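Enquirer: In full-length UniProt numbering, the protein residues as written are 1 to 231.
Backbone N, C-alpha and C define an ideal beta-carbon position, used for all residues, glycine too.
On a predicted model such as this, the values are computed, not experimentally measured, just so you know.
1) Roughly how many whole angstroms lie between the Cα atoms of residue 201 and residue 174?
2) Can you say whether residue 145 is buried or exposed, counting buried as having 16 or more other CB atoms within 10 angstroms of its CB?
3) State the start and end residues of the unbroken alpha helix (DSSP H) segment that holds residue 214.
4) Per the DSSP calculation, residue 193 is bridged to which residue(s)?
5) Which partner residues does residue 64 have in the DSSP bridge list?
6) I'd like to confirm the pairing. Which residues does DSSP put opposite residue 145 in its beta bridges?
7) Going by Cα to Cα distance, which pick from 219, 214, 35 and 147 is closest to residue 64?
8) Inspect the CB distances between the region 68 to 77 and the region 183 to 195 and report whether three or more fall short of 8 Å.
9) So is residue 231 buried or exposed if we call it buried at 16+ other beta carbons inside 10 Å?
10) Restricting to Cα atoms, I'd like to know which of 84, 137 and 222 is closest to residue 114.
11) To the nearest angstrom, how far is the alpha carbon of residue 178 from that of residue 38?
12) Report the rounded CA-to-CA distance for residue 222 versus residue 203, giving the unit in angstroms.
13) So what does DSSP say about residue 162, is it helix, strand or coil?
Next up, the structure:
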């Protein structure tokens with residue numbers, strides 16, 4: 001719903017008689033906008049919430065270790081990514097998130113010097129995306145480089161690490177991204193590269209770290225304080 005597919009969903013629901021329809025909704029996040037849309041689709045629903053307060057607050061799984069690394073240049077990002085890939089166990093999968101299709105391809109080209117990987121984004125044909133995901137699931141390739149839309153909803157238990165090579169434009173997408181690891185009771189690791197351009201996210205990420213019982217880096221706390229004081 002929050003990706004703009006409301007018209008298509010409404011059209012699909014018109015094809016099913018309301019009296020005989022059973023509707024189930026699943027979401028990693030529950031912002032107020034999606035709650036309002038869901039109210040139109042559901043009648044007297046039974047709501048099950050795992051973690052959090054059950055409202056619109058964003059929550060990150062406490063089984064996911066979140067780490068913030070400040071990288072202020074492209075060279076710093078590339079070097080840190082190479083370091084994280086080398087440190088990551090070879091038998092566990094990793095997803096690297098980028099914000100654009102162009103950067104997704106560029107990062108994949110760089111990573112191929114270190115390991116087998118594939119890129120998925122909106123310009124890829126469906127059969128190319130399907131093959132990349134199948135190879136990733138089987139372990140044929142250990143690293144998947146993806147944009148938010150291409151990777152939304154992926155459920156692969158063996159993902160041990162998520163790398164936010166570029167921060168998303170919305171904090172909800174940060175929660176979706178790091179939620180690709182630490183699934184079904186497993187431990188996960190999510191590392192995010194932040195620079196000055198990502199300062200707007202500092203207060204929200206600081207809050208997510210604290211609520212998950214994790215100690216935020218001093219630089220993140222300082223950045224959040226500056227942003228908070230400028231409002």
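Expert: Concretely, from the data shown:
1) 10 Å
2) buried
3) Careful: residue 214 lies outside any alpha helix (DSSP H) and carries neither H nor E.
4) 69
5) 188
6) 96 and 119
7) 214
8) yes
9) Note that residue 231 scores 48 on pLDDT, short of 50, meaning its location in the model is unreliable and no value can be drawn from it.
10) Comparing Cα-Cα distances from residue 114 to each of 84, 137 and 222, the minimum goes to 84.
11) 24 Å
12) 10 Å
13) It is a strand residue.
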